[in-house]
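Novice: Residue numbers for the sequence shown, in mature numbering (1 follows the signal peptide of the UniProt record, and there is no 0): -28 to -1, 1 to 308.
Beta carbons: idealized from backbone N, C-alpha and C, even for Gly.
I am attaching a structure below and will ask some questions about it afterwards.
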Amino acid sequence: MIMQHPTRPITRGLTGLALTMLALPALALPAAAQTQTSHHTIRYASVDSCPRKDGTATPCHTWRLDLLDGRRVALKDAMLWPLTAKGRPDRTNSAPLTVSGDGESVAYFRKSDHRLVVREFHGGVRVMPRNPLPRGVGMNAAWLKLSQDGDRLALGYIAGDGRTRVRLFDVARASATGTTPETDGFAGFSGDGSAVLLQRAGDENTIGLAVHDDTGAELAAAVPPQIVANNGPWGLSADDRTVAYVTGLGEKARLRFYDVATDQATGSVRFSLPKDAALDMIDWTGGHEVTLHLVRSQGSRDVVTVLKVDTETGRTRVRDSYKVRSGAFAYLSCGG
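Shown next, in the form of structure tokens:
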């Protein structure tokens, strides 16, 4: 199983919970889901894996949303296979899809007309402008990422020159706001979605970090020390300059901070981190809080633990922990 990520795919997956599948025509959500008020309604999205005649695996059936209350919703209008630049389905991959950090929105390409849409779990559907990808770029060379609150959407793609660019959208206005310069990786949105953090390859195998606003304009950039560069993933604060990252394991783990604008370390705090888990995501979810997504393998399945960390005291709290259902080709957890 693959956990899809804009820059780092994580192989293998985990568990099946005893969940009830809700067959929902036209993606209509059940009344109970429409009235639910808790945050992080969507835990993760996933798609089944089926064998092909040549022995390889292919995504099959339909995308599904596993909810915090234990239910499972079929996302029937989401594309299953991405289209190539020639308009043919690529059955070796699953089509791009992403869940917002608060679990309230999901973005994908719609099956009926191939439009890029954002479905608000308790609301309507926002349809993005036509032809969001450049001519000659297929969906199989693209990925999606929503901001924490689902108000901003990033569409990353590999252009004809082999470099990655990211097109940014204002979801409420259903409009494109800009495109970033070429980049070597998308590290994510800032805590309030107003900016994005990009990774760039520098001279002599160095890694650079750059902050860009929603038009694609650069706000700050630096080539950080190796302790920063070698310890991704990174999370960008709402101040559009402070990057959080983690070093160490167990009782020796530290949450560290780096200022891209000044190229300076700005402190750290000790906290406890499980030794048998890999850090997959880090997001700022408050002025003094980051949320970590930790993944550990349990046989052929993945267990995901969502951990909140106070950036001033290092105090931690488990927000959620779950096993990804078995037999999935790919899954995508909500962010923060």
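1. For Met253, list the residues DSSP reports as bridge partners.
2. Provide the residue span of the alpha helix (DSSP H) that contains Ala201, from first to last.
3. Tell me which residue opens and which closes the beta strand (DSSP E) that Arg139 is part of.
4. By a C-beta neighbour count over all protein chains shown, 10 Å radius and 16 as the cutoff for buried, is Ile14 buried or exposed?
5. Once DSSP output is grouped into helix, strand and coil, what is the label at Asp175?
6. Kindly indicate which three-state DSSP category Thr189 falls into: helix, strand or coil?
7. On a CA-only basis, which of Val296, Ser244, Val241 is nearest Val267? Give me that one, please.
8. In three-state DSSP terms, what is Ala113?
9. Does the structure place the stretch 234 to 251 close enough to the stretch 141 to 149 that three or more beta carbon pairs sit under 8 Å?
10. Hey, how far is the Cα of Ser84 from the Cα of Arg287?
11. Tell me, please, whether the stretch 162 to 178 touches the stretch 203 to 222 by the rule of three or more beta-carbon pairs shorter than 8 Å.
12. Evaluate Asp175 with the Cβ neighbour count: other Cβ atoms within 10 Å of its Cβ, from every protein chain shown; 16 or more gives buried, anything less gives exposed.
13. Buried or exposed: which applies to Gln120, given that a residue is buried once 16 or more other Cβ atoms fall within 10 Å of its Cβ?
14. Let me confirm a value: His265 is counted as buried when at least 16 other C-beta atoms fall within 10 Å, else exposed. Which label applies?
15. Tell me which residue opens and which closes the beta strand (DSSP E) that Thr28 is part of.
Specialist: Reading off the structure:
1. Its beta-bridge partners are His265.
2. That run of the alpha helix (DSSP H) goes 198 to 201.
3. For Arg139, the enclosing beta strand (DSSP E) has its first and last residue at 136 to 142.
4. Ile14 should be labelled buried.
5. The three-state reading of DSSP puts Asp175 in helix, counting H, G and I together.
6. Correcting the residue type first, residue 189 is Ala in the shown sequence and not Thr. Three-state DSSP puts Ala189 in coil, outside helix and strand.
7. Of the candidates Val296, Ser244, Val241, the one whose C-alpha sits nearest the C-alpha of Val267 is Val296.
8. Ala113 sits in a helix when the DSSP states are folded into three classes.
9. At 8 Å Cβ cutoff, the stretches do not touch.
10. So the two alpha carbons sit approximately 47 Å from each other.
11. Under the Cβ criterion (8 Å, minimum of three pairs), the stretch 162 to 178 counts as touching the stretch 203 to 222.
12. The residue is exposed, with fewer than 16 neighbouring Cβ atoms inside 10 Å.
13. With a threshold of 16 other beta carbon atoms within 10 Å, Gln120 meets it and is buried.
14. Buried, by the Cβ-count rule.
15. DSSP places Thr28 in no beta strand (DSSP E); its state is neither H nor E.
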